[in-house]
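Chemist: Position 22 (the sequence shown) corresponds to 22 in full-length UniProt numbering; numbering is contiguous. The following block contains the structure, expressed as structure tokens.
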Amino acid sequence: MEWLDNTFYATVALVIFVAIALYFGIPAIIGNMLDKQIAKIASDLAEAKKLREEAAALLVEYEQKRVAAEAEAEGIIAAAKEEATRLTAEAQVSLNDLVTRRTKAVEDKIAQAEAQAVAEVRARSADVAIEAARLVLTDEMNRKGGDVVNKAIADVGNRLN
Numbered sequence: 001m002e003w004l005d006n007t008f009y010a011t012v013a014l015v016i017f018v019a020i021a022l023y024f025g026i027p028a029i030i031g032n033m034l035d036k037q038i039a040k041i042a043s044d045l046a047e048a049k050k051l052r053e054e055a056a057a058l059l060v061e062y063e064q065k066r067v068a069a070e071a072e073a074e075g076i077i078a079a080a081k082e083e084a085t086r087l088t089a090e091a092q093v094s095l096n097d098l099v100t101r102r103t104k105a106v107e108d109k110i111a112q113a114e115a116q117a118v119a120e121v122r123a124r125s126a127d128v129a130i131e132a133a134r135l136v137l138t139d140e141m142n143r144k145g146g147d148v149v150n151k152a153i154a155d156v157g158n159r160l161n
């Protein structure tokens, strides 16, 4: 009875277990569970593939938006540089006009001050000349006053006759 050792009983128990499992449809249940798990994994893979495709599409879209934004930024920078150049040119023209106007105003003030100074010098010269003439005539009259008056009276008398 050597063949009735523990190995024999283990083998018989295994065969009985497999027969009971087959009888109750355990392999079909396990197969259904595995099929469900396979279907779930396939569904997850399909969903992952779909999400990957959406992500790739979004990546392309955002890349296009980035390129468009860079182009727009370059346009804005170019417009700002152009505006700055234009404003600089306008400021230069305004500055030149201001300098021209101020120069003209200063030149006008200088001309006016020069004319006023010339007029004052002429007036002062006339005053000085009148004063000098008065002094010369007074001095002349003091020295030869009587002769000149007598001569003038005689001259008036001759003219009247």
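Glycine is no exception: its CB is placed at the ideal position from the N, C-alpha and C atoms.
(1) What residue range is occupied by the uninterrupted alpha helix (DSSP H) comprising L22?
(2) With C-beta atoms as the reference, is residue 166 less than 8 Å away from P27?
(3) Note down the Cα distance separating N158 from S125, rounded to an integer number of angstroms.
Modeler: Well, looking at it:
(1) 6-23 is the extent of the alpha helix (DSSP H) around L22.
(2) Past the boundaries of the shown model lies residue 166; the chain is included only from 1 to 161, so the question cannot be answered.
(3) So the alpha carbons of these two residues sit roughly 38 Å apart.
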